[in-house]
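Structure, as structure tokens:
There are 4 protein chains.
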Amino acid sequence: MSYDIRDLALAERGQQRIDWAARHMPVLRQVRDEFAAAKPFQGRRIAASLHITTETAVLLYALQAGGAELALCASNPLSTRDDVCAALVARGIAVYAQYGEDLPTYQRHLEQTLAIQPHLVMDDGADLIAALHNRPGDNTVLAGIEETTTGVVRVRAMADQKVLRFPVVAVNDTPTKRYFDNRYGTGQNTIDGILRATNVLLAGATFVVAGYGWCGRGIAMRARGMGARVIVSEINATRALEAIMDGFQVLPMHEAAPLGDIFVTATGMAGVIRREHFLTMKDGAILANSGHFDIEVDTAGLRDLAVGEAQLREHMTEFELPHQRKVYLLGQGRLIGQAAAEASPAAIMDLSFADQALSTRYLLEAYQQLDPKVYDVPSEIDERVAALKLRALGVQLDTLNQDQLAYQHSWQMGTV
Amino acid sequence: MSYDIRDLALAERGQQRIDWAARHMPVLRQVRDEFAAAKPFQGRRIAASLHITTETAVLLYALQAGGAELALCASNPLSTRDDVCAALVARGIAVYAQYGEDLPTYQRHLEQTLAIQPHLVMDDGADLIAALHNRPGDNTVLAGIEETTTGVVRVRAMADQKVLRFPVVAVNDTPTKRYFDNRYGTGQNTIDGILRATNVLLAGATFVVAGYGWCGRGIAMRARGMGARVIVSEINATRALEAIMDGFQVLPMHEAAPLGDIFVTATGMAGVIRREHFLTMKDGAILANSGHFDIEVDTAGLRDLAVGEAQLREHMTEFELPHQRKVYLLGQGRLIGQAAAEASPAAIMDLSFADQALSTRYLLEAYQQLDPKVYDVPSEIDERVAALKLRALGVQLDTLNQDQLAYQHSWQMGTV
Amino acid sequence: MSYDIRDLALAERGQQRIDWAARHMPVLRQVRDEFAAAKPFQGRRIAASLHITTETAVLLYALQAGGAELALCASNPLSTRDDVCAALVARGIAVYAQYGEDLPTYQRHLEQTLAIQPHLVMDDGADLIAALHNRPGDNTVLAGIEETTTGVVRVRAMADQKVLRFPVVAVNDTPTKRYFDNRYGTGQNTIDGILRATNVLLAGATFVVAGYGWCGRGIAMRARGMGARVIVSEINATRALEAIMDGFQVLPMHEAAPLGDIFVTATGMAGVIRREHFLTMKDGAILANSGHFDIEVDTAGLRDLAVGEAQLREHMTEFELPHQRKVYLLGQGRLIGQAAAEASPAAIMDLSFADQALSTRYLLEAYQQLDPKVYDVPSEIDERVAALKLRALGVQLDTLNQDQLAYQHSWQMGTV
Amino acid sequence: MSYDIRDLALAERGQQRIDWAARHMPVLRQVRDEFAAAKPFQGRRIAASLHITTETAVLLYALQAGGAELALCASNPLSTRDDVCAALVARGIAVYAQYGEDLPTYQRHLEQTLAIQPHLVMDDGADLIAALHNRPGDNTVLAGIEETTTGVVRVRAMADQKVLRFPVVAVNDTPTKRYFDNRYGTGQNTIDGILRATNVLLAGATFVVAGYGWCGRGIAMRARGMGARVIVSEINATRALEAIMDGFQVLPMHEAAPLGDIFVTATGMAGVIRREHFLTMKDGAILANSGHFDIEVDTAGLRDLAVGEAQLREHMTEFELPHQRKVYLLGQGRLIGQAAAEASPAAIMDLSFADQALSTRYLLEAYQQLDPKVYDVPSEIDERVAALKLRALGVQLDTLNQDQLAYQHSWQMGTV
């Protein structure tokens, strides 16, 4: 088996940390057991581009238990855990990834991963899918799975432009992913990443969140929960109104820029914080991104503007601006919860990755009935994942009795 | 003009309170000005069954300004404000409603309202629409509007059973209604209703919320905001998981029943709290409902069970149970924010009623192109309402620049 | 028995409401039972100036059960409940108070109350104590009790100026009063009062709280809990820092004035919001006070400035300012939770009034050992009240075992 | 100069991190500038036992700027930052500390630090002060400063037993320390430490906090802010009541033990979580301590009980219990915010250390007027620190005008 990782000797430590993650992933453990019994992926090759974390390993083990042959590259060079790579290789998964790899290496690893001639691609940001479509026809790929908001936007653009060649399930859009990973997962790991990168006090800080989608509201909620005063910027009127009624101040970025102590972007859009904003920021302002790509804070623009640059802490770069103020960029503008912390906790990824594992089985069973479009996760999968999670938590739902079931379908009872 | 109200002499005080509400309804005021200029309802008759509050009056004035002839009855006998009825009649609107009217009167008023031979019915709980469909064919009605979750469920059941005779716009489902009225409006007015009805301390109380839909989460959020410890019951796994991750305890009602100090239902379902639960409640437990109909707490079952009953405060009835415990039902089990407080604040109803007013114009222009089905509020209306509200609040959005617009439609930029 | 109340016929309704309050006052009920057995006040006369609410009635019944002869006047003309007055008179307590009485009547009632020739005065704002000291020597009074921050400030000033003639216990300063009534009680009843007076939406409102003492932080916490964006003004640096780290914005009043939708004062100081502030407020700003006296919002200054005045709702006066803006004063600037709502809930007053009842017994036993100074509630009383409350709530504490007790008194164990 | 540190080559990286901390310590920077000008410590020797973090370095530099000769050891072997030690030595401060040093080394370092023959000792847990008192008379020490709750308890016990030999200022008790470091500092760094040690999801976790003092309530507040459901245990009735009214569930530890996912102690007491509790915990329970000493979780008892032990992550030890459940101890039971995170943020330590620096000057000026007792920080120092911090934050207070100053001293104005 071919692979390209930092150090195979890290495998044991990696496996120990994977075991810790697996403890908090009861749904995926159950799915793995089902796959091990049914072997739905026998003879199937899967290429994956994912954040290589302990939780991802638990997903890959489930697919492997189902009979799949796997190749893996990183969806972000800064989220790769070298010890996890080692553990995966030690268990027979072909990994091409090293923490902090440069762009040419990243691209080479992506190509090496596709060289497996996959039947299915599992993507996180749509880099694999885009690469497949930027070259002459690939015959083996039957279907794809995409996990992020950012990636789904890209794949939908491909479908709209009629260039998409196979069906893709958008895991990002399913409730058990979107409501949980984007809100509670990103909410927590963004705070965690900022604290690890800076150790600044959040209580009393003015904390600017760009974007009030599921990620943005998770971040805003947790920043407030840590004592910060939160300001939100938005481009959508309904979301802005929600932010206001959730008690946040809403300002356009050019008004928020001079007020913020800490800025976090979570929009999916490029250049959200840029030159014109850097120039009005307070001395000491901290900049971080929680969107998938490192384009939301215009780091190139920041570098152009800066007259000095220093790496003050592991994940914090100081930029000295021309007017003698300094601003601090975290994790090179890459997604901070991955770069400086450990991504979403296992208990969250349990949901997203169970969706992903079950969608993989679904796609490899149903691809012939599907068009080259973006599909939702089938609602049965989503509901099953939620129900399994509740059971694992020991939480009981109410159920409707006969009278209530009858009431549900009646329209004649009113104010009587 | 025919009408049936408590006391026309209350008109001036009613109008004063309506003016106070109108101050907080800038979107509807702007819509009214547009209607006054364009007269889109000239020659049209509209029958409405609504909570008759100050905010409703502002809506009706907007329709009247647009040329409509109006008849109005109450959608709930306990939410009717007699002074508002008087003010409406004084301005030429035919009102058939009195606070606390009994069921036969309620039904008669509904009939009197329909006697106007409306072109459009505006409903809140679907009582008008159901009444129309329970009799031989009405020819005049071209379209309907329904505002509540409960009513939309009823109308959808009618559409599914192919008995619905005209298109209905479901205002309830549109973001500027659902996210705001159901969450922030009901959230606040439920707390307000409970405080007015009881003056109990919420801090430290165990507060059980049945249902974690938009209303339920608004109530849970505000109860926590007032210092209560909140327990949620649910029938849906995904919602239950959200409640857990929002930090609430989730229990089935039979486990929550012995723990709660205060219970509120917000489910749309009948019999959510019933005999088996009453019997295990603590002495002093308080029961309230925030769903549209007075069926969520089984008040009949409670009355059957009780060995004594006393009206302790205006909106609070004490029931003595056989095992010498007492429980306290608020507002007779009718929706508490209407019964004991003043319904959703004007600033919230501004959104819902602007949706409603603009949907009325839309339906009377477009009904010929529509089938007898349930339609969403056109998204242009929803977005316009949100944008007008933001403008009235003086809040500015960010806008995308040329680069960002280009980025939005690209799929080829990735991790490069 | 002499008395002066609105209507004795209201006694039954009043008693019913008092019974409801008593349900939530288990500590005071237990104290009452002890007093009934021991009769510690036999032959003693007590004059009280208190907010005449249902909870106050439960306190007075406890004193009466202990053998006291009681006379009562109001500590605030707008908090008097006429039905409670009636119930008290029906049970043999001499009450001199009517809702909304004018100042001469208020003064006369105060004199009538003192005419009982009390052995002990129970005060709420120090009006009784001040009246006693503004006249030639009273011989009967042995001791006093004062409940509020405002009153304690006055009595301390008297002690400092060596004019105080008898010992006074400051109930306000004891933990079971200050932490609970001032924070959770005033926090809730201020929100309640504002909602009843206005029905405005708190979610998204900019809510300015003057003062970050125990009352102010209770109000700020609850306003945020209802979705408002809270701004605090302070004169003390440490409190201002706490407000900041609790996530609130801190601004001086002249900067907050143009930003606020709702203003609440809780400072104990006069003229906190005044002419210079009224002139910069937004059209529609709402003004309320939660401090003891109606001096925190300069209502006289507001009236001087206004070119028009209208009573829009029961507890809301519209003032038209010269520059065509309107501001809205709630409850005439008197303490809003008393004026427009029902004061602190019974579950809170249970603590304060149990302190008060037990301090009364203490003072009438110990007055000969005390100097004419301000005394704290003896800590044994405070701790007993807290412990009784916990027991009533069914809450269990941890207790220290032998090892832990030993550890507590050791200093030699360290990092070993 | 003698010293004993890990690696002097780490000095530059340490100094860079110290500079980052200094950015967030504007009050201490100002104090340093004053000291540099006035040289109040010329000829004085100071021995300090402190957590050796970047913030501590900023304090020591301020004392050094004032002319002091300094020796330093660690107050906790797990909070020592080797790079900070290096930077301090490079600037001429005698440091005796290495991360993770064993107990004999810890004791030796303490002795080496005292060998400087200090005029003043600066302590954090009272280990230096206790060591001085456990040997025959030391003549040089004129005064001491103690920073923690735990240490103050020890020193007070010494004063009570008449063995204390010099005056000690208790920095812990002053508002700018206690309200901020204990609540906001420990609140944040406990969450931070738990996340770094485990990466578990806090949203939805049942989080048990032992102790509702300033530290405990900071932790509870932040745990809730991250989405956890918080249970509090207490031994004091008033604090327990506050916890209840803040919306937390209060249970004794033996009832909380089987419910918790995460446990944190913050009591200052030994054996708070012990054998009887371990035995009823859920499989997977996580144990951490935020009190000063590693005695609150009975780690010895846990080790006795365990049938297996593994170091799963850097700061997490897995203990396998006899009944096949596993529990996870963080940071060896030492204070988690120090052990696994970076202690309180600089913005917080700015206050505590400014108190400490100014108290040092005060003691060396005033010691001859002081008895061998525990003293509070003079309130002028405390107020000055708060005011300097506000100024650095750019926050403005309100000030009283002439009328208000007059009102403050009057007692004759009442309800008139």
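Residue numbers (our numbering), protein chains in the order written: chain S, 19 to 434; chain B, 19 to 434; chain R, 19 to 434; chain W, 19 to 434. Yeah, the Cβ is synthetic: ideal placement off N, Cα and C, and Gly gets one too.
What does residue i reach in chain S if we use C-beta pairs closer than 8 Å?
{"i": "residue 193/B", "result": "256"}
{"i": "residue 146/W", "result": "Result: empty, since nearest Cβ-Cβ is about 26 Å, beyond 8 Å."}
I believe residue i touches residue j by the beta-carbon criterion, under 8 Å. Please report the beta-carbon distance rounded to the nearest angstrom.
{"i": "residue 274/W", "j": "residue 304/W", "result": "Actually they do not touch by this definition, with Cβ atoms about 14 Å apart."}
{"i": "residue 163/W", "j": "residue 374/W", "result": "6 Å"}
{"i": "residue 367/B", "j": "residue 52/B", "result": "At roughly 18 Å, the Cβ-Cβ gap does not stay under 8 Å, so residue 367/B and residue 52/B are not in contact."}
{"i": "residue 376/R", "j": "residue 49/R", "result": "6 Å"}
{"i": "residue 222/R", "j": "residue 265/S", "result": "7 Å"}
{"i": "residue 263/R", "j": "residue 290/R", "result": "Not a contact, Cβ separation roughly 23 Å."}
Find the residues of chain B that neighbour residue i, judging by a C-beta separation of less than 9 Å, and give them in chain order.
{"i": "residue 139/S", "result": "Correct list: empty, because the minimum Cβ distance to chain B is about 14 Å."}
What in chain B is Cβ-close to residue i, meaning under 8 Å?
{"i": "residue 202/S", "result": "263"}
Among all the DSSP beta bridges, which residues are the ones paired with residue i?
{"i": "residue 163/W", "result": "140/W, 187/W"}
{"i": "residue 91/W", "result": "67/W, 114/W"}
{"i": "residue 326/B", "result": "338/B"}
{"i": "residue 394/B", "result": "188/B"}
{"i": "residue 306/B", "result": "282/B"}
{"i": "residue 348/R", "result": "334/R"}
Which chain R residues are close to residue i, counting only those with a beta carbon under 7 Å from its beta carbon?
{"i": "residue 210/B", "result": "213"}
{"i": "residue 217/B", "result": "360, 363"}
Listing by chain order, which chain W residues have their CB less than 7 Å from the CB of residue i?
{"i": "residue 270/R", "result": "414, 415, 416"}
Along chain R, which residues have their Cβ under 8 Å away from the Cβ of residue i?
{"i": "residue 242/S", "result": "265"}
{"i": "residue 79/W", "result": "Chain R residues near residue 79/W: none, gap ~24 Å exceeds 8 Å."}
{"i": "residue 206/B", "result": "213, 219, 220, 221, 244, 245"}
Kindly list, in the order they appear in chain W, the residues whose Cβ is closer than 9 Å to that of residue i.
{"i": "residue 221/B", "result": "262, 263, 264, 265"}
{"i": "residue 184/R", "result": "Under the 9 Å cutoff, chain W gives no residues; its nearest Cβ is about 15 Å from residue 184/R."}
Using the beta-carbon of each residue, which ones in chain B are nearer than 7 Å to residue i?
{"i": "residue 245/W", "result": "263, 264, 265"}
| request: Closer than 7 Å, Cβ to Cβ, to anything on chain B: give me those residues from the segment 247–262 of chain W, in chain order. | output: 247, 262
| When you check each C-beta in the segment 223–234 of chain W against every C-beta of chain S, which residues fall closer than 8 Å? | none
| chain S contacts from the segment 354–381 of chain B (Cβ-Cβ distance under 7 Å) | none
| Residue ranges of each alpha helix (DSSP H) within the segment 96–136 of chain W, 4 or longer | 100–108, 121–132
| query | Going along the chain, which residues of the segment 106–121 of chain S sit with their C-beta nearer than 8 Å to a C-beta in chain B? | reply | 121
| Hey, which unbroken runs of the beta strand (DSSP E) at 3 residues or more fall wholly within the segment 176–245 of chain S? | 186–188, 224–228
| request: With 8 Å as the C-beta to C-beta threshold (strictly closer), list the residues of the segment 42–68 of chain W near chain S in chain order. | output: 42
| task | Can you give me, in chain order, the residues of the segment 383–400 of chain W that have a beta carbon less than 8 Å from any beta carbon in chain R? | result | 400
| Contact set between the segment 24–35 of chain W and chain S, restricted to residues whose Cβ is under 8 Å from the partner | 34, 35
| Listed in chain order, which residues of the segment 402–428 of chain B have Cβ atoms closer than 8 Å to some Cβ of chain S? | 404, 405, 407, 408, 411, 413, 414, 415, 416, 417, 418, 419, 421, 422, 425, 426, 427, 428
| message | Along the segment 270–290 of chain W, where does the CB come closer than 7 Å to a CB of chain R? Name the residues. | response | 270, 271, 287, 288, 289
| field | Segments of 4+ residues assigned as alpha helix (DSSP H) that fall wholly inside the segment 277–304 of chain R | value | 293–296
| query | If you measure beta-carbon to beta-carbon, which residues of the segment 318–346 of chain R are closer than 7 Å to chain B? | reply | 330, 331
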